[in-house]
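Some notes on the structure that comes next.
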């Protein structure tokens, strides 16, 4: 389904423009040729080779965050670590002042799902307007004072008349910011909880840090930081496994279910950081495969490796049933994760 060309991203009918729809004009939400053009503008900054060059900086940020809380013996792993690490990295990549990190967290928590249908969006537009106005002001600043960052690079493309509209530019910045941190927040939070609830796997990783690569892949599969694919529309009637998907109907793929498919994974309900055959779809599939996958993987490897090395006595500080999850059906994550160490 994720690779089926009969399922399209472009909406088949025009709808009233809303503030949220401004943020849908990006490579995640459109089909070729627009998708190809937009993705090519930023793909060079997210190749595995380019991302690997960020390893020392990501390690430094990780250590700084843990330096801040280690003497306390406790922290909210989401607010004190899992959010701050990826958002600091993506802010630096984009050229967003890291001093505005908490401002963005407030906005993100109050913003509805970008994929929501009209009528299901938030009754207030203030968080959306806040982000939109912030990005507009940032663009104006970067036009006057460009720097060596992704936003300045996109502005240079715009100035070279490469058909980037103002709305596309705003939407691209939005996507890079959100995709550049939200999946990783959930990976670190959900993954840490999974390890704490499976102490034998936690000990195995602590005893053999070389397992970090396969461990992160298994946590991506098992914890589903992204639960649902974004929406696709049937461009024609599609018959699949005896079911008819009619033209214009919306299709969502449950990545959570796909990654627990017993026909693809042996004993899928078991967390196994030694798993080798692990072709999960945590980052999607096909032309819309997550551009930030190399970054999320690297951040996850550094985050888990450093947490377990520096905080070997990490423990959950509340009963699992007391934990509160967000209400976003697409991005499954904890709002808070109190731990002691």
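Residue numbers (this note's numbering): 1 to 341.
Glycine residues also receive a C-beta, built at the ideal position from the N, C-alpha and C atoms.
None of these values were measured; they are calculated from a predicted model.
Would you identify the three-state DSSP class for residue 344, choosing helix, strand or coil?
Because the chain is modelled from 1 through 341, residue 344 falls outside the range shown and cannot be assessed.
Residue closest to residue 135, alpha-carbon to alpha-carbon, out of 157, 105, 317 and 177
Position 135 of the chain shown, counting from 1, holds the residue named residue 135. Looking at the Cα atoms, 177 is the closest of the given residues.
The beta strand (DSSP E) with residue 340 in it runs from where to where?
Along the chain shown, one-based indexing puts residue 340 at 340. 338-340 is the extent of the beta strand (DSSP E) around residue 340.
So within the region 236-280, which uninterrupted alpha helix (DSSP H) runs reach at least 4 residues, ignoring any that extend past its ends?
If only complete runs of 4 or more residues are kept, the region 236-280 shows the alpha helix (DSSP H) at 255-258, in order along the chain.
Would residue 291 pass as a contact of residue 255 if the rule is Cβ separation under 8 Å?
Counting from 1 along the chain shown, the entry for residue 291 is found at position 291. Counting from 1 along the chain shown, the entry for residue 255 is found at position 255. Against a cut-off of 8 Å, the Cβ pair of residue 255 and residue 291 comes out as no contact.
DSSP on residue 27, reduced to helix/strand/coil?
Here residue 27 refers to the residue found at position 27 of the chain shown. Coil, per DSSP.
Which residue's Cα is closest to the Cα of residue 189: 331, 171 and 69?
The sequence position of residue 189 within the chain shown is 189, counting from 1. It is 331.
Looking at C-beta atoms only, is the number of pairs between the region 270-280 and the region 48-59 that lie closer than 8 Å three or more?
By the C-beta criterion, the region 270-280 is judged not to be in contact with the region 48-59, since fewer than 3 inter-stretch pairs fall below 8 Å.
CB-CB under 6 Å to residue 235, same chain, minus the five flanking residues each way: which ones, in chain order?
Taking the first residue of the chain shown as 1, we reach residue 235 at position 235. Within the same chain, residue 235 has close Cβ partners 6 and 8.
Have a look at residue 36 and residue 286 and give me their C-alpha separation to the nearest angstrom.
Start at 1 with the first residue of the chain shown, and residue 36 comes out as number 36. Start at 1 with the first residue of the chain shown, and residue 286 comes out as number 286. Spanning the two alpha carbons is a distance of roughly 12 Å.
Confirm, please, whether the CB-CB distance from residue 223 to residue 300 is below 8 Å.
To locate residue 300, count along the chain shown from 1; it is residue 300. To locate residue 223, count along the chain shown from 1; it is residue 223. At least 8 Å separates the beta-carbon of residue 300 from that of residue 223.
Identify every residue that forms a DSSP beta bridge with residue 8.
Here residue 8 corresponds to residue number 8 of the chain shown, with the count starting at 1. DSSP output for residue 8 lists 233 as bridge partner(s).
Taking the beta strand (DSSP E) that residue 74 falls in, what are its first and last residues?
Within the chain shown, the letter at position 74 stands for residue 74. Looking at the DSSP string, the run of the beta strand (DSSP E) that includes residue 74 is 74-76.
Determine the DSSP secondary structure at residue 196, reduced to helix, strand or coil.
Locating residue 196 in the chain shown gives position 196, where the first residue counts as 1. If DSSP states are grouped into helix, strand and coil, residue 196 belongs with the helices.
Span of the alpha helix (DSSP H) around residue 59
Along the chain shown, one-based indexing puts residue 59 at 59. Here the alpha helix (DSSP H) through residue 59 covers 55-69.
Quick one: what's got a C-beta closer than 7 Å to residue 297's C-beta in the same chain, skipping five residues either side?
Locating residue 297 in the chain shown gives position 297, where the first residue counts as 1. Counting only Cβ-Cβ distances below 7 Å, and skipping sequence neighbours, we find 216.
C-alpha distance - residue 325 paired with residue 194, whole-angstrom precision
Indexing the chain shown from 1 puts residue 325 at position 325. Indexing the chain shown from 1 puts residue 194 at position 194. Approximately 14 Å between the Cα atoms of the pair.
Between residue 123 and the rest of its own chain, which residues show a CB-CB distance below 8 Å, the 5 nearest in sequence each way excluded?
As a first step, residue 123 is located in the chain shown; it is residue number 123 there, counting from the start. Residue placement at residue 123 cannot be trusted, given a pLDDT of 42 that sits under 50; what the coordinates show is reported in the next sentence. No residues qualify anywhere along the chain.
Is the region 82-99 touching the region 143-156, taking contact as three or more C-beta pairs under 8 Å?
Touching, yes.
DSSP beta-bridge partners for residue 85?
Stepping through the chain shown from its first residue, residue 85 is reached at position 85. Partner(s): none; residue 85 has no beta bridge.
Quick one: is residue 80 buried, meaning 16 or more other Cβ sit within 10 Å of its Cβ, or exposed?
The residue you call residue 80 lines up with position 80 of the chain shown. The residue is buried, with at least 16 neighbouring Cβ atoms inside 10 Å.
With distances taken Cα to Cα, identify the nearest neighbour of residue 344 among 339, 323 and 34.
Lying before the first or after the last residue shown, residue 344 is absent from the chain, which here runs from 1 to 341.
Could you spell out the range, first to last residue, of the alpha helix (DSSP H) harbouring residue 215?
Within the chain shown, the letter at position 215 stands for residue 215. Unbroken alpha helix (DSSP H) run through residue 215: 212-223.
Taking contact to mean at least 3 C-beta pairs separated by less than 8 Å, is the region 313-324 in contact with the region 196-208?
yes
Straight-line gap, residue 266 to residue 312 (C-alpha atoms, nearest Å):
Numbered from 1 along the chain shown, position 266 holds the residue referred to as residue 266. Numbered from 1 along the chain shown, position 312 holds the residue referred to as residue 312. Distance between the alpha carbons of residue 266 and residue 312: 30 Å.
Tell me which residues share the same chain as residue 302 and place their Cβ nearer than 6 Å to its Cβ, disregarding the 5 neighbours each side in the sequence.
Working through the chain shown from its first residue, we reach residue 302 at position 302. Cβ neighbours of residue 302 beyond the five flanking positions: 58, 59 and 62.
Mind reading off the beta-carbon distance from residue 295 to residue 180? Whole number of angstroms is fine, and I expect it under 8 Å.
Working through the chain shown from its first residue, we reach residue 295 at position 295. Working through the chain shown from its first residue, we reach residue 180 at position 180. Right, the Cβ-Cβ distance comes to about 7 Å (below 8 Å), so this counts as a contact.
Hey, would you say residue 205 sits closer than 8 Å to residue 280, going by beta carbons?
Within the chain shown, the letter at position 205 stands for residue 205. Within the chain shown, the letter at position 280 stands for residue 280. Not closer than 8 Å, so no.
Relative to the ligand HEM, is the shortest distance from any of its heavy atoms to the C-beta of residue 174 smaller than 7 Å?
With respect to the ligand HEM, the structure shown offers nothing to examine, as it has no ligands at all.
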